[in-house]
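Those sequence lines, one after another, are chains A and B. Using this note's numbering, the letters of the first sequence map in sequence onto residues 278 to 697. Using this note's numbering, the letters of the second sequence map in sequence onto residues 15 to 310. Down below is the structure, laid out as structure tokens.
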Amino acid sequence: MKWFIVVCLILSAILYAAQIEIIFWTHEDPNRTPLEERYIQEFEKMYPNVKITRVTYPSAKIREVVLTAFAARKGPDIFNMEIQDAYPYIVNERVAPVSLSALGLKSYDELRQMYVEGTLDAVTYQGKIYGLPLELTNWCVFINKKYFREVGLDPEKDYPRTWEDMVRISEKLVIREGQILKRRGFDFRYPYYLTFLLPMVEQLGGSLFSEDGKSAIMNDEAWLKVLRFFKEWGPNGKNLGSPTYPAARKEFNKDNNTVAMCLSGLYQILRINAENPEFYASNEWMVVPFPVFENAVKDVRCNYYGHYYMVNAESSKEKQEWAWKFIAYMLSHPEEYLLEVGLIQPRKDFVESDTFKNYPYSKVFLEDMQKAHIVPLHPKGPQFEQLIKEAIESVMLTTTTPEEALRILKKKANELLEEE
Amino acid sequence: MSIEKKKALWGFLFTVPALIFFAIFNIYPMFYAVWMSFHKKDLLSLKPPRFVGLANYAYLFRSEQFWNSLKATAIFAAGTFVPMVLLSLTFAALIVTRKRLQKFLQMAYYSPAVLSSVVAASIWLLMFDPRGLANQFLNFILNTKGVDYRWLANENMLRLATIVVYFWKYVGYFTIIFVAGMASVPRSVHEAARIDGANKWQDFWYITLPLIKPTTLLVCVMTTIQCLRTFSTQYLFVQGGAPLKPIDVIALSIYNTAIRDHQIGRASAMSVLLLLIIMSLSYLQMRVSKSEEVSY
Numbered sequence: 278m279k280w281f282i283v284v285c286l287i288l289s290a291i292l293y294a295a296q297i298e299i300i301f302w303t304h305e306d307p308n309r310t311p312l313e314e315r316y317i318q319e320f321e322k323m324y325p326n327v328k329i330t331r332v333t334y335p336s337a338k339i340r341e342v343v344l345t346a347f348a349a350r351k352g353p354d355i356f357n358m359e360i361q362d363a364y365p366y367i368v369n370e371r372v373a374p375v376s377l378s379a380l381g382l383k384s385y386d387e388l389r390q391m392y393v394e395g396t397l398d399a400v401t402y403q404g405k406i407y408g409l410p411l412e413l414t415n416w417c418v419f420i421n422k423k424y425f426r427e428v429g430l431d432p433e434k435d436y437p438r439t440w441e442d443m444v445r446i447s448e449k450l451v452i453r454e455g456q457i458l459k460r461r462g463f464d465f466r467y468p469y470y471l472t473f474l475l476p477m478v479e480q481l482g483g484s485l486f487s488e489d490g491k492s493a494i495m496n497d498e499a500w501l502k503v504l505r506f507f508k509e510w511g512p513n514g515k516n517l518g519s520p521t522y523p524a525a526r527k528e529f530n531k532d533n534n535t536v537a538m539c540l541s542g543l544y545q546i547l548r549i550n551a552e553n554p555e556f557y558a559s560n561e562w563m564v565v566p567f568p569v570f571e572n573a574v575k576d577v578r579c580n581y582y583g584h585y586y587m588v589n590a591e592s593s594k595e596k597q598e599w600a601w602k603f604i605a606y607m608l609s610h611p612e613e614y615l616l617e618v619g620l621i622q623p624r625k626d627f628v629e630s631d632t633f634k635n636y637p638y639s640k641v642f643l644e645d646m647q648k649a650h651i652v653p654l655h656p657k658g659p660q661f662e663q664l665i666k667e668a669i670e671s672v673m674l675t676t677t678t679p680e681e682a683l684r685i686l687k688k689k690a691n692e693l694l695e696e697e
Numbered sequence: 015m016s017i018e019k020k021k022a023l024w025g026f027l028f029t030v031p032a033l034i035f036f037a038i039f040n041i042y043p044m045f046y047a048v049w050m051s052f053h054k055k056d057l058l059s060l061k062p063p064r065f066v067g068l069a070n071y072a073y074l075f076r077s078e079q080f081w082n083s084l085k086a087t088a089i090f091a092a093g094t095f096v097p098m099v100l101l102s103l104t105f106a107a108l109i110v111t112r113k114r115l116q117k118f119l120q121m122a123y124y125s126p127a128v129l130s131s132v133v134a135a136s137i138w139l140l141m142f143d144p145r146g147l148a149n150q151f152l153n154f155i156l157n158t159k160g161v162d163y164r165w166l167a168n169e170n171m172l173r174l175a176t177i178v179v180y181f182w183k184y185v186g187y188f189t190i191i192f193v194a195g196m197a198s199v200p201r202s203v204h205e206a207a208r209i210d211g212a213n214k215w216q217d218f219w220y221i222t223l224p225l226i227k228p229t230t231l232l233v234c235v236m237t238t239i240q241c242l243r244t245f246s247t248q249y250l251f252v253q254g255g256a257p258l259k260p261i262d263v264i265a266l267s268i269y270n271t272a273i274r275d276h277q278i279g280r281a282s283a284m285s286v287l288l289l290l291i292i293m294s295l296s297y298l299q300m301r302v303s304k305s306e307e308v309s310y
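If you want it as structure tokens, here you go:
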């Protein structure tokens with residue numbers, strides 16, 4: 278009996294030692310959690326020596342949690358963040374290149390062939406690929422048809438095609454009590470200025486950086502027009518919206534007469550269903566493309582951003598291999614990610630599948646995405662976004678003129694660019 | 015070994031764990047921050063920190079953003095310090111002179127202090143929403159209709175909003191400290207004053223106030239330190255859509271420099287400067303108050 282217990286103890290110690298634990302940090306997404314928990318169970322069943330621990334953090338928090346963990350060299354084995362936040366991890370060699378053997382591939386070209394052209398560029402660095410896309414997201418305009426009809430507009434015909442339309446229609450839709458907006462026609466998605474505002478500037482011929490990347494805030498006229506547009510939009514102008522009101526996309530789901538249009542991704546559809554199934558089923562909402570200015574010189578739509586799964590370069594080689602294997606397993610279910618979470622994986626076979634084509638409004642999003650590009654990736658991206666935020670909010674909320682705001686923005690952005 | 019020495023030794027032994035804890039989690043990071051402030055280091059980079067001497071400090075003194083942070087912190091501290099000390103003293107005086115409901119009032123004043131700062135700021139964020147209670151209240155009081163007082167948009171209103179949240183959260187905490195200070199003044203001193211003909215006001219002004227000088231000093235020092243280190247209210251307000259510049263207090267600027275910009279050396283230099291400011295102000299307050307003169 279004694280011997281039996283000793284053998285059992287030794288065996289369990291060996292088994293325990295052989296078990297590999299993969300720590301997986303991701304942002305909260307109520308629709309994605311049950312799906313990925315199921316993938317974990319399935320994967321653990323296939324490979325009993327692997328244990329995956331999935332930990333979620335709020336979207337606003339994950340950036341700093343991952344950063345501090347990596348700074349202390351205690352980062353998770355797998356994580357994902359918006360690509361503009363994750364990009365410095367690639368440049369600083371904190372993430373491991375995709376393991377081709379774990380994916381059963383022979384070359385990076387073979388991997389590139391699996392995805393829509395250009396969608397792996399954001400994670401390609403010095404010839405290697407450092408992440409696999411969980412989702413690529415662009416934003417279009419969600420419309421509550423009921424409020425359109427209420428003010429005598431036909432949503433199918435009168436939806437805003439240009440930003441000038443957006444102002445006109447919003448003025449009809451808005452309900453004010455004195456200076457307070459009881460219902461907004463539309464409002465922007467503050468403070469994600471690199472995502473929605475830069476394309477507006479680009480439509481008018483401007484850009485964030487010069488082609489050689491040595492100067493910032495190009496084409497004053499384009500920037501000035503956008504700054505003037507936002508001054509008019511804010512409380513000091515036509516008072517149609519402001520960053521100090523609750524996020525329009527959250528209020529949109531409630532269908533409570535507080536906002537008629539908002540800017541969001543395809544995933545919003547399932548969030549409407551989760552939060553307000555009655556509104557979802559009512560057929561009283563629709564999605565239209567991202568508007569362009571009337572005198573636009575370029576047809577650019579809302580920038581898209583991506584969440585890519587990445588693997589910690591400091592995890593052991595064995596863990597890295599298992600981590601990529603697990604990521605590949607999760608991502609081999611793009612239909613489920615779309616149908617249950619509303620996420621678009623840019624895999625060629627999937628984008629061409631009937632599942633994707635038949636998904637509500639997928640065509641609107643895909644057509645806009647084809648006219649868009651990814652958010653600018655720069656190690657100082659968040660700092661540039663902050664400078665744009667300061668400029669836009671100074672014209673919207675204070676008495677700063679667009680000319681003055683542009684002068685400050687240009688000066689600071691170029692100083693930031695020159696800084697070592 | 016004498017009994018006194020034995021007692022002292024045991025006393026020391028019992029404090030050792032706390033000292034070790036304090037040294038690891040407070041003293042070491044402090045010295046590390048000072049060391050790091052002379053280096054350039056990207057938080058994500060695996061390269062070792064590069065010694066840059068006083069370059070981080072020189073950068074800060076040239077930086078418009080750092081001076082704006084100092085200004086924002088000074089405005090917040092000045093706007094919070096005076097009402098906080100005066101009103102917590104007043105509330106404490108009101109509580110100790112009550113014959114009934116003393117415990118209830120203490121609890122009521124103290125209750126916001128037990129709330130997490132994040133929760134408190136989130137609640138107030140809802141109230142400062144243009145359609146929220148703050149505008150409704152002001153419109154009711156001032157008999158106006160539909161006026162947006164722009165709590166989170168106008169620079170001065172935004173500063174006032176952060177002060178209001180902070181004041182609401184901590185006034186009860188300092189009130190309780192004053193209540194404890196007032197309770198420690200011997201009853202016989204008040205009785206002697208009354209026998210000598212002092213009225214309530216004179217008793218408070220000439221007896222209570224001078225005798226709670228150490229408490230007043232403690233509250234002043236603590237309020238100053240807390241005001242200079244304020245962070246969560248401003249952080250959440252900015253997350254909620256408020257402009258950064260008017261409320262970009264030093265602690266928030268340190269956070270952004272380290273977490274957003276990954277410049278840990280520069281952020282360390284900012285925290286060293288903040289430490290020096292706090293220490294100088296605390297020293298100044300102690301010198302001015304001369305608290306050691308208080309005796310019964």
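For every residue, glycine included, the Cβ atom is placed at its ideal position computed from N, Cα and C. Just so it is clear, the structure is predicted and the values come from calculations on it, not from any experiment.
Pairing Tyr-606(A) with Met-646(A) gives a Cβ-Cβ distance that is not under 8 angstroms. Ranked by Cα distance from Ala-668(A), the first of Pro-656(A), Leu-674(A) and Ala-682(A) is Ala-682(A). Contact of His-53(B) with chain A is not assigned, every C-beta pair being separated by 8 angstroms or more. Interface criterion not met: the Cβ of Gln-597(A) is under 8 angstroms from no Cβ in chain B.
According to DSSP, residue pairing for Gly-583(A) in a beta bridge involves Leu-413(A). Residue state for Tyr-324(A) is assigned as coil, using DSSP reduced to three classes. In the three-state DSSP reduction, Trp-500(A) falls in the helix class (H, G or I). Taking 8 angstroms as the cut-off, the Cβ atoms of Phe-486(A) and Pro-653(A) count as close. Around the beta carbon of Met-293(B), fewer than 16 other beta carbons sit within 10 angstroms, so the residue counts as exposed. CA-to-CA, the gap between Thr-222(B) and Ser-125(B) works out to about 26 angstroms.
About 6 angstroms separates the Cβ atoms of Ser-376(A) and Glu-598(A), confirming a contact at the 8 angstroms cut-off. Judged by beta-carbon spacing, Phe-218(B) lies within the 8 angstroms limit of Ala-107(B), meaning their Cβ atoms are closer than that value. Contacts with chain A at 8 angstroms (Cβ-Cβ) include Asn-149(B). In terms of beta-carbon proximity, Lys-19(B) stays away from the interface with chain A, with every pair separated by 8 angstroms or more.
Around the C-beta of Asp-626(A), fewer than 16 other C-beta atoms lie within 10 Å, and the residue is accordingly described as exposed. Annotation for Ile-299(A): no alpha helix (DSSP H) segment contains it, though the beta strand (DSSP E) segment containing it runs 297-304. Taking all protein chains shown into account, Asn-270(B) has 16 or more neighbouring C-beta atoms within 10 Å of its C-beta and is therefore buried. Residues are counted here when their Cβ sits less than 9 angstroms from a Cβ of chain B; for the stretch 319-341 of chain A these are Ala-337, Arg-340 and Glu-341, given in chain order.
For Thr-676(A), the secondary structure class from DSSP, reduced to helix, strand or coil, is coil. Pairing Pro-568(A) with Trp-416(A) gives a Cβ-Cβ distance that is not under 8 angstroms. Between Val-618(A) and Asn-550(A), the alpha-carbon positions lie close to 11 angstroms from each other. In summary, the residues of the stretch 427-456 of chain A whose CB is separated from some CB of chain B by less than 8 angstroms are Arg-453, Glu-454, Gly-455 and Gln-456, in the order they occur in the chain.
Under the DSSP assignment, Arg-201(B) falls in the alpha helix (DSSP H) whose first and last residues are 201-209. Phe-320(A) is the residue among Phe-320(A), Asn-308(A), Thr-310(A) and Asp-306(A) whose C-alpha sits nearest the C-alpha of Ser-609(A). If you check the CB distance, Asn-70(B) and Arg-280(B) come in under 8 angstroms.
The beta carbon of Ile-604(A) lies closer than 7 angstroms to those of Ile-355, Leu-409 and Tyr-586 in the same chain, with the five residues before and after it left out. Under a criterion of Cβ atoms nearer than 7 angstroms, the residues of chain A adjacent to Lys-259(B) are, in order, Glu-667. When CB distances to chain A are screened at a threshold of 9 angstroms, the residues of the stretch 36-64 of chain B falling below it are Lys-54, Asp-56, Leu-57, Leu-58, Ser-59, Leu-60 and Lys-61, in chain order.
Across the structure, Gly-254(B) and Met-300(B) are spaced so that their CA atoms are roughly 38 angstroms apart. Contact between Ile-264(B) and Ser-83(B) is confirmed by a C-beta separation of about 5 angstroms, below the 8 angstroms threshold. Lys-159(B) sits close to Asn-153(B), with the two beta carbons spaced by under 8 angstroms. Using beta-carbon distances, Gly-25(B) does not count as an interface residue toward chain A, since no partner is under 8 angstroms. When the Cα atoms are used, Ile-494(A) and Leu-231(B) turn out to be separated by approximately 52 angstroms. Contact annotation: in the stretch 275-303 of chain B, residues whose CB is within less than 9 angstroms of a CB in chain A are Asp-275, His-276 and Ile-278. Counting the other Cβ atoms within 10 Å of the Cβ of Ile-17(B) gives fewer than 16, which makes it exposed. With the criterion set as a beta carbon lying under 8 angstroms from some beta carbon of chain B, the stretch 550-571 of chain A has no members that meet it.
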